[in-house]
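Here the structure is laid out as structure tokens; the discussion comes afterwards.
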Amino acid sequence: MVRLFHDDEEAYYDLIVDLGSYIAVCIGMLHQLGISSPEQTLDDLTGMLHGFYTA
Numbered sequence: 008m009v010r011l012f013h014d015d016e017e018a019y020y021d022l023i024v025d026l027g028s029y030i031a032v033c034i035g036m037l038h039q040l041g042i043s044s045p046e047q048t049l050d051d052l053t054g055m056l057h058g059f060y061t062a
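Under my numbering, the first residue of the sequence shown is numbered 8, with each subsequent residue one higher.
In structure tokens:
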């Protein structure tokens, strides 16, 4: 990711936007399938990221 940022900053930001869009679709699908509410999914992601950065 750092290399992409230095090589092509615009492509880096496009990737970030695309990843955000993908995550939003996944959260919507989990909700539609009755697997997890958007709030629960976001809470789970927050916990996972917190664990990743504090490990």
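Even for Gly, the Cβ is constructed at its ideal location relative to N, Cα and C.
Bear in mind the structure is a predicted one, so any value in this text is a computation, not a measurement.
From the DSSP output, in three-state form, read off GLY35 for me.
Counting from one through the sequence shown, the residue named residue 35 turns up at place 28. Note: GLY35 maps to helix in three-state DSSP.
So, with DSSP's three-state summary, where would you put GLY58?
Position 51 of the sequence shown, counted from the start, is the residue given in the question as residue 58. Three-state DSSP puts GLY58 in a helix.
Please confirm whether LEU37 and SER28 have their CB atoms less than 7 Å apart.
Position 30 of the sequence shown, counting from 1, holds the residue named residue 37. Position 21 of the sequence shown, counting from 1, holds the residue named residue 28. No, these two residues do not count as a Cβ contact at 7 Å.
Residues in its own chain within less than 8 Å of ASP51 by CB, not counting five upstream and five downstream?
Along the sequence shown, read from residue 1 onward, the residue named residue 51 stands at position 44. Excluding sequence neighbours, ASP51 sits near SER43.
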